[in-house]
Amino acid sequence: MFGRWREAAFAAALFVLSPFGAAAQAQTPTQAQTPTPAPTDIVVPYLALTRPSSVPESALDRPPENEGLLGARVAVADNQTTGRFLHQSWRLDEHLANDEAALVQAFEDAAGQGHRLFVVDAPPSVLLKLADLPEAKGAVILDATSTADALRGKDCRRNVLHLLPSDAMWADALMQFLAVKRWRDLLLVSGPADEDRQLADALRRSARKFQLRIVADKPWTYNPGSRRSDTGHYAIGAEVARFTQGVAYDVLVVADTRDDFGDDIAYRTTDPRPVAGTHGLVPGAWAKPFEQWGGTQLQTRFFKATGRWMTSRDYGAWMAVRAIGEAATRGGSTDTGKIAEYLRGPKFELAAYKGVPLSFRSWDGQLRQPVLLADDRSLVSVSPQPGYLHQFSELDTLGTDQPETTCHT
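In terms of the numbering used here, the sequence shown opens at residue 32 and continues consecutively.
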């Protein structure tokens, strides 16, 4: 009797579990044929003002092609990888303008099409012109490449966010390191360009902030003529030796944003001293030898996609596009207005291979982040340095803190 009962129960179980059982019969045609939703298109306008490439000091140096733009393209591919699972389709709408008027027109056209998020690679004056357009009201401009302190200070705009470290952050990162090393006496050498003077001002303020002494502050005025002449290296060596003679200092700090003379300083000083600043030991958002915190992954992806190494400008554009992607993912919306709101909100964080989450400062729109200190071959350190504390975030020991800001929008 019990044997027959077991056989009947076993047969009933097989029926339920079979493809023709009750579970399958309960499935409606609508459930079986639910279509996959179409992906939502998210278009990011990328606006850049093309700039003439500087002439390198050495034939070994080739100016990187499409600097900035290639970082944005790699970021779109990264967004697409995540977006595929969220039914998002990402695309970069590229506008490369040869003059300011064309860039303004491209911005107005994109805004007229309903875009509210823009990644911009342009000088500060052009960036401000875009931010002040009537079409920019309610938009968010992600400044991918400018480092000018004024854009975070007296000339700040509520609708602009800044991705790269400011000049003040750049200088503070270096001065913290020098203070930790107790290399306190500095010889500051600056070039004639406006950007050189602005960077030198940031270095002076930072030196005072971290109680370092600029024992000599000298402009570079020597024109070596042809470096490639048979005696060019002798003339440069003699001039640098003369320039640094009679000064007692620990580190020579260079402010040469156009690469006019910075590479000529090392190994030619009268006394054996390290060189830092725009040359030698260089602070930066990114660096070729950087491999920590998974940085090798981004280095490899970028090199595979472009055939060259990532620069800080590339990294700034990459962060700008990735910030939009992260806000869309974490905010749970593809609406550009809601993405813009989330970007500026307290919950936004960006993973950018720096070991800590990055976020925008509420007072000036600056992305707080660690700053690398590296030469051409190795990562030397990362600031903030150990021991520099802050009541809210150690990252705010770099650059302009909220009590010091002149940004009042």
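Each residue gets a CB set at the ideal place from its N, CA and C atoms; glycine is no exception.
Sequence-distant residues of its chain with Cβ nearer than 8 Å to residue i (five each side left out)
i: T365; result: T71, I73, Q119, A359
i: A272; result: R299, T300, T301
i: A297; result: V306, H310, G311
i: L205; result: L234, S237, V284, A307, G308, L312, P314, L404, S414
Backbone secondary structure at residue i - three-state DSSP
i: D427; result: helix
i: F208; result: helix
i: S177; result: coil
i: E125; result: strand
i: T113; result: helix
i: L217; result: strand
i: H264; result: helix
i: P165; result: helix
i: V313; result: strand
i: V282; result: strand
i: D406; result: coil
i: F391; result: strand
i: S414; result: strand
i: L243; result: coil
i: A297; result: coil
i: L101; result: helix
i: F292; result: coil
i: W324; result: helix
i: R93; result: coil
i: R183; result: helix
Residue i vs residue j beta-carbon contact at 8 Å
i: R344; j: T176; result: yes
i: T437; j: G184; result: yes
i: V16; j: P196; result: Any question about residue 16 goes unanswered here, given that the chain covers just 32 to 440.
i: K1; j: Q400; result: Lying before the first or after the last residue shown, residue 1 is absent from the chain, which here runs from 32 to 440.
i: A202; j: S237; result: yes
i: V220; j: V285; result: yes
i: D448; j: G99; result: Residue 448 falls outside the range modelled here, since the chain spans only 32 to 440, and no answer is possible.
i: L161; j: H126; result: no
i: P76; j: D124; result: yes
i: L148; j: I370; result: yes
i: R451; j: P95; result: This structure leaves residue 451 out entirely; the chain is present only between 32 and 440.
i: R289; j: G222; result: yes
i: L192; j: V171; result: yes
i: Q323; j: L410; result: yes
i: L158; j: L194; result: no
Opposing strand residues paired with residue i [DSSP bridges]
i: P154; result: DSSP lists no partner for P154.
i: K319; result: Note: K319 sits in no beta bridge, so no partner.
i: D72; result: S120
i: H193; result: D174, Q397
i: K249; result: V220
i: Y77; result: E125, V150
i: A31; result: Summary: the structure shown does not reach residue 31, with the chain confined to residues 32 through 440, and so no result is reported for it.
i: L381; result: L389
Close beta carbons around residue i, own chain, < 6 Å, minus the five adjacent residues each side
i: D216; result: R244, V246, Y280, D281
i: T431; result: A199
i: A383; result: M350, L389
i: A318; result: L403, A405
i: T275; result: T300, T301
i: W121; result: I73, V107, N110, Q111, G114
i: A55; result: With a pLDDT of 43 at A55, under the threshold of 50, the predicted position of this residue should be treated as unreliable, though the coordinate-derived value follows. Around A55: no qualifying Cβ.
i: E425; result: P415
i: T81; result: L127, N129
i: W251; result: V220, G222, F292
Other residues of its chain near residue i: CB distance less than 7 Å, five sequence neighbours each side excluded
i: E435; result: none
i: R408; result: P320
i: Q433; result: W394
i: G268; result: R299
i: R392; result: R399
Buried versus exposed call for residue i [16 or more other C-beta atoms within 10 Å across all chains shown]
i: G326; result: buried
i: E357; result: buried
i: D227; result: buried
i: H439; result: exposed
i: H421; result: exposed
i: D295; result: buried
i: D174; result: buried
i: F334; result: exposed
i: F241; result: buried
i: D225; result: exposed
i: R189; result: exposed
i: R304; result: buried
i: D130; result: exposed
i: Q207; result: buried
i: T367; result: buried
i: D92; result: exposed
i: A53; result: A caution first: A53 carries a pLDDT of 44, below 50, which makes its placement in the model unreliable, though a value can still be read off. It counts as exposed.
i: Q397; result: buried
i: F116; result: exposed
i: R213; result: exposed
i: F423; result: exposed
Minimum Cβ-Cβ distance from residue i to chain E less than 8 Å
i: P76; result: Among the chains of the structure shown, chain E does not appear; only one protein chain is present.
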